[in-house]
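As structure tokens, the structure follows; a few thoughts come after it.
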Amino acid sequence: MRNILVVCLVLIIVTVDSLPVAAQQQIVTGDAEPELVTEGYQFTEGPLWHPDGYLLFSDIYANTIYKWIPGEGADVFIKPSGNANGIALDKEGNILIAQHAGKLSRVIEGPKLKPIVESYNGKRLNSPNDVVVHSNGTIFFTDPPFGVSDEDKELEFNGVYMLSPDGTLTPFYKEFTHPNGITLSPDEQKLYVNDSRTGSIVVFDINNEGKPVNPQEFANVGSMEDQGAADGMKTDVQGRVFSTGPGGVYVFDTEGNQIQKIETEVRITNLGWGGEDNSSLFMTAPSAVYRLETSTSGK
64 MRNILVVCLV
74 LIIVTVDSLP
84 VAAQQQIVTG
94 DAEPELVTEG
104 YQFTEGPLWH
114 PDGYLLFSDI
124 YANTIYKWIP
134 GEGADVFIKP
144 SGNANGIALD
154 KEGNILIAQH
164 AGKLSRVIEG
174 PKLKPIVESY
184 NGKRLNSPND
194 VVVHSNGTIF
204 FTDPPFGVSD
214 EDKELEFNGV
224 YMLSPDGTLT
234 PFYKEFTHPN
244 GITLSPDEQK
254 LYVNDSRTGS
264 IVVFDINNEG
274 KPVNPQEFAN
284 VGSMEDQGAA
294 DGMKTDVQGR
304 VFSTGPGGVY
314 VFDTEGNQIQ
324 KIETEVRITN
334 LGWGGEDNSS
344 LFMTAPSAVY
354 RLETSTSGK
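Note that our numbering has the sequence shown beginning at 64, numbered continuously upward.
So, in structure tokens, the structure goes:
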């Protein structure tokens, strides 16, 4: 078992001083001290706080999903994981896993992984990356080319998909080269998706049929760099959008105005709300998982 580590991490937390005073909504104060929760991994991703009081996260390169229990530490949850990345809960509380092995799967008793979808029009999915679920049961996920070789890639596009409750798989956006993070607004009327290569965040309206429509540029965190990229995204209870990006985590209001940047010395790959009141922001980095207390909470 990996021992729990909860120590202060030397990260720089700052506010974007050039923003208007009205926009200075302090999600994270300057004296906030992030904690190192657990370390010693290859490339962590997909943090999900489970209602039963534990954190799941994936280590893509180690082909493993870990389970971290406060006060006990992290241990293997599923291995092999199909190079798992994003993790989410469906409306029945089942755990869903986006796998770089070209699948979207559900965790069943064992625990084991049971594929839900592996192909579109008879062609292998690329590399399912991140996933979010609407309360109506629709599953949305991104499918970039990360982790799939040119020889194995069968689809000509890198899409964003919706999987309807009846099992119908539909790509509704094909304009990104590297679609990655995906999240819903608290009222589930908007869907946000970002592109790692360009840093663009696009917002969709969810229509009465539950389909994302009317894509609009929402914000941009900048092009991919060694210090990070548009990757994991989450919203809080007020509808503000949190996205990883070069140098840290960017926070936007509902109009797409940047209101804060949480600067970090390590690359942040994904985000997840958790803890007793859902106000802890869990942040994955290549070798470790961190926890940062905020003045807000997740949806």
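A virtual CB, placed ideally from N, CA and C, is assigned to each residue, including glycine.
This structure is a prediction, so every number in the text was calculated from the model and none was measured.
Going by the C-beta, is residue i closer than 7 Å to any heavy atom of the ligand NAP?
{"i": "residue 319", "result": "For the ligand NAP, the structure offers nothing, since it holds no ligand at all."}
For a test of the three-state rule: what should DSSP assign to residue i, helix, strand or coil?
{"i": "residue 113", "result": "strand"}
{"i": "residue 239", "result": "coil"}
{"i": "residue 366", "result": "There is no way to answer for residue 366, as the model of the chain reaches only from 64 to 362."}
{"i": "residue 202", "result": "strand"}
{"i": "residue 311", "result": "strand"}
{"i": "residue 277", "result": "strand"}
{"i": "residue 284", "result": "coil"}
{"i": "residue 353", "result": "strand"}
{"i": "residue 260", "result": "coil"}
{"i": "residue 211", "result": "coil"}
{"i": "residue 188", "result": "coil"}
{"i": "residue 183", "result": "strand"}
{"i": "residue 265", "result": "strand"}
{"i": "residue 130", "result": "strand"}
{"i": "residue 125", "result": "coil"}
{"i": "residue 230", "result": "coil"}
Smallest Cα separation from residue i: which of the options?
{"i": "residue 289", "options": "311, 279 and 283", "result": "311"}
{"i": "residue 123", "options": "138, 251 and 149", "result": "149"}
{"i": "residue 325", "options": "340, 336 and 346", "result": "346"}
{"i": "residue 263", "options": "202, 240 and 164", "result": "240"}
{"i": "residue 98", "options": "362, 360, 344 and 349", "result": "344"}
{"i": "residue 267", "options": "322, 152, 317 and 186", "result": "317"}
{"i": "residue 300", "options": "360, 355, 309 and 352", "result": "360"}
{"i": "residue 185", "options": "176, 109 and 217", "result": "217"}
{"i": "residue 100", "options": "362, 337 and 260", "result": "337"}
{"i": "residue 281", "options": "210, 304 and 249", "result": "304"}
{"i": "residue 221", "options": "257, 246 and 249", "result": "257"}
{"i": "residue 109", "options": "136, 356 and 243", "result": "243"}
{"i": "residue 219", "options": "182, 91 and 177", "result": "182"}
{"i": "residue 319", "options": "355, 279 and 351", "result": "279"}
Taking all protein chains shown into account, do 16 or more other C-beta atoms lie within 10 angstroms of the C-beta of residue i, making it buried, or fewer, making it exposed?
{"i": "residue 228", "result": "exposed"}
{"i": "residue 215", "result": "exposed"}
{"i": "residue 190", "result": "buried"}
{"i": "residue 404", "result": "With the chain running from 64 to 362 in the structure shown, residue 404 is simply not present."}
{"i": "residue 116", "result": "exposed"}
{"i": "residue 134", "result": "exposed"}
{"i": "residue 166", "result": "buried"}
{"i": "residue 213", "result": "exposed"}
{"i": "residue 121", "result": "buried"}
{"i": "residue 231", "result": "exposed"}
{"i": "residue 192", "result": "buried"}
{"i": "residue 90", "result": "buried"}
So the beta strand (DSSP E) residue i belongs to, where does it begin and stop?
{"i": "residue 296", "result": "296-298"}
{"i": "residue 138", "result": "136-141"}
{"i": "residue 170", "result": "166-171"}
{"i": "residue 98", "result": "98-102"}
{"i": "residue 331", "result": "First-last for residue 331: undefined, no H or E at that position."}
{"i": "residue 308", "result": "304-308"}
{"i": "residue 175", "result": "175-180"}
{"i": "residue 347", "result": "343-347"}
{"i": "residue 195", "result": "194-196"}
{"i": "residue 252", "result": "Premise fails: residue 252 is in no beta strand (DSSP E) and is neither H nor E."}
{"i": "residue 223", "result": "223-226"}
{"i": "residue 159", "result": "158-162"}
Could you pull out every residue in the same chain whose Cβ sits closer than 6 Å to the Cβ of residue i, ignoring the five residues on either side in sequence?
{"i": "residue 126", "result": "143, 144 and 146"}
{"i": "residue 105", "result": "122, 124 and 125"}
Counting only the same chain and skipping the five closest in sequence on each side, list residues whose C-beta sits under 8 Å from that of residue i.
{"i": "residue 196", "result": "151, 152, 153, 154, 159, 202 and 203"}
{"i": "residue 298", "result": "246, 247, 248, 249, 255, 304, 305, 361 and 362"}
Report all residues from its chain with a CB closer than 7 Å to the CB of residue i; omit the five preceding and five following residues, and keep chain order.
{"i": "residue 313", "result": "284, 306, 321 and 324"}
{"i": "residue 273", "result": "197, 199 and 201"}
{"i": "residue 74", "result": "Bear in mind that a pLDDT of 45 at residue 74, under 50, signals an unreliable position, so the number given afterwards is only what the model happens to contain. 97, 327 and 328."}
{"i": "residue 269", "result": "251, 252, 253, 254 and 275"}
{"i": "residue 294", "result": "243, 244, 259, 307, 332 and 333"}
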